[in-house]
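> Have a look at the structure that comes next, please.
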DNA sequence: GCAGTGCAGGCGTCTCACAT
DNA sequence: ATGTGAGACGCCTGCACTGC
């Protein structure tokens, strides 16, 4: 099949949405075919991949664009959506672009179907995490617990602990955190831990020691979490840093 | 020895509906 | 706006195993 043939699919004509997504600098928008090749991208993705035109991205696989194992990881996630036909929603991730610029985002991917219901690829968006909404009415009440979280992320055993600090019920606390960070409390804790581990991986500590320092029970728990969030194992990430130092 | 992965069980978290 | 409860889901843990 010629690639151009694939782009003539009548329904849904997602390409018409691109001009709208081009206006959102904090949103990456893309569609991929069954193989995982980009066939629609927005301006934000083009910029972050350092391409001069969108055409440079079209027809290419993640492996062609992103650093080594990272591209393979994105491709594997795509294939999971395409094969299972199940959407991937509200996935907290760290994205790394070809220049190794990193950013936290929340990703949603859905299988894309034609008129007959057959899966023809996937459609996805990744929205950058915004700064916490300090104007939210609940900010004052949770601020102290966030300070505590930032300093003691390795010692926190439950979200209830943070809710108690904020003098809120668990329900109130979960809603407040959602309102302020657009994340669940658990996602916020994971983000804090992974951020810290990313800093530590630039040093020479063992991966097991970093896992423990960031609040994980053992190296395997840390390794799994890290890979889930970043797409790389801690060692792969460290090697990537080393190659680009 | 270190690091990554697979698996199973248990438990915490999240979401939703509903009541107050 | 807040609290509560149920059910589903996903994460964590511990262990074993493998590869480097």
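Residue numbers (the UniProt record's numbering): 1 to 245. Just so you know, even glycine gets a beta-carbon here, dropped at the ideal spot from N, CA and C.
When DSSP builds the beta bridges, which residues end up paired with residue 185?
Answer is none; residue 185 lacks a bridge partner.
> Cβ of residue 179 within 9 Å of Cβ of residue 138?
yes
> Would you call the segment 32-45 and the segment 114-121 touching, i.e. three or more CB-CB distances under 8 Å?
yes
> Pairing CB atoms from the segment 56-67 with CB atoms from the segment 153-170, are three or more of them under 8 Å?
As far as the Cβ criterion goes, the segment 56-67 does not touch the segment 153-170, which means the pair count is below three.
> Can you give the beta carbon distance from residue 106 to residue 127, rounded, assuming they're within the 8 Å contact cut?
5 Å
> Thinking just about the alpha-carbon of each residue, which of 102, 90, 111 and 162 is nearest to the one in residue 84?
111
> Measuring only the C-alpha atoms, how far is residue 238 from residue 202?
7 Å
> Quick check: what's the CA-CA separation for residue 140 versus residue 82?
43 Å
> Check the DSSP bridge columns for residue 126 and list the partner residues they point to.
28 and 107
> Since residue 204 is in the alpha helix (DSSP H), which residue starts that stretch and which ends it?
Neither: residue 204 is in no alpha helix (DSSP H) and is coded neither H nor E.
> Rounded to whole angstroms, what's the CA-CA distance from residue 215 to residue 222? Just pull it up for me.
9 Å
> What does DSSP give as the partner residue(s) for residue 94 in the beta ladder?
104
> Can you tell me whether residue 78 is buried or exposed, with buried defined as 16 or more other CB within 10 angstroms of its CB?
The residue in question, residue 78, is buried, as its Cβ has 16 or more Cβ neighbours within 10 Å.
> I need the straight-line Cα distance from residue 22 to residue 43, nearest angstrom please.
5 Å
> Kindly give me the distance between the Cβ atoms of residue 163 and residue 169, rounded to whole angstroms, as I take these residues to be in contact under 8 Å.
Right, the Cβ-Cβ distance comes to about 7 Å (below 8 Å), so this counts as a contact.
> So residue 40 is in the beta strand (DSSP E); what residue range does that whole segment cover?
Looking at the DSSP string, the run of the beta strand (DSSP E) that includes residue 40 is 38-41.
> Could you tell me the distance, in whole angstroms, from the CA atom of residue 230 to the CA atom of residue 96?
A direct Cα-to-Cα measurement between residue 230 and residue 96 gives close to 8 Å.
> Would you kindly work out how many angstroms separate the C-alpha atoms of residue 19 and residue 74, rounded to a whole number?
24 Å
> Among 72, 103 and 152, which one has its Cα closest to the Cα of residue 236?
The residue with the shortest Cα to Cα distance from residue 236 is 72.
> Helix, strand or coil for residue 88? Go by DSSP, reduced to three states.
strand
> Using the beta-carbon count (16 or more within 10 Å), is residue 4 buried or exposed?
The predicted model places residue 4 with a pLDDT of 27, which falls under 50 and marks its position as unreliable; any figure quoted below should be read in that light. The residue is exposed, with fewer than 16 neighbouring Cβ atoms inside 10 Å.
> According to DSSP, is residue 156 helix, strand or coil?
coil
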